[in-house]
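Residue numbering for the sequence shown follows this note's numbering, starting at 6 and increasing by one per position. As structure tokens, the structure follows; a few thoughts come after it.
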Amino acid sequence: MTRSPTRVFKNWKTALLGLVLIEGLVLGILWARYDFDVPTLLMIGGMLFIFWGYVAWVSDAEGSKGELGGHDGSGGLS
6 MTRSPTRVFK
16 NWKTALLGLV
26 LIEGLVLGIL
36 WARYDFDVPT
46 LLMIGGMLFI
56 FWGYVAWVSD
66 AEGSKGELGG
76 HDGSGGLS
């Protein structure tokens with residue numbers, strides 16, 4: 006079973022700091038490699054932030070349901 010990104014860290018502040026650092030690294034690589042301008046990088050950063058927020062929300066909702074399908078030994082989704 007996958008764990009929510011917020012459960013991997015001790016609290017949401019640490020998770021947010023990790024997210025900002027990873028996004029900064031990704032945006033820095035994009036800027037250095039492809040020479041994007043600042044508005045484009047801000048748009049990409051905003052989309053990444055919304056995407057990772059959605060991933061955390063969905064994985065937390067799935068984790069709160071208990072075991073995910075297929076982990077009961079049936080071999081398929083339940």
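For every residue, glycine included, the Cβ atom is placed at its ideal position computed from N, Cα and C.
What separation, rounded to the nearest whole angstrom, lies between the Cα atoms of residue i and residue j?
i     : j     : result
Lys18 : Gly58 : 13 angstroms
Phe41 : Glu28 : 15 angstroms
With C-beta atoms as the reference, is residue i less than 9 angstroms away from residue j?
i     : j     : result
Leu30 : Phe54 : no
Leu35 : Ile49 : yes
Leu21 : Leu32 : no
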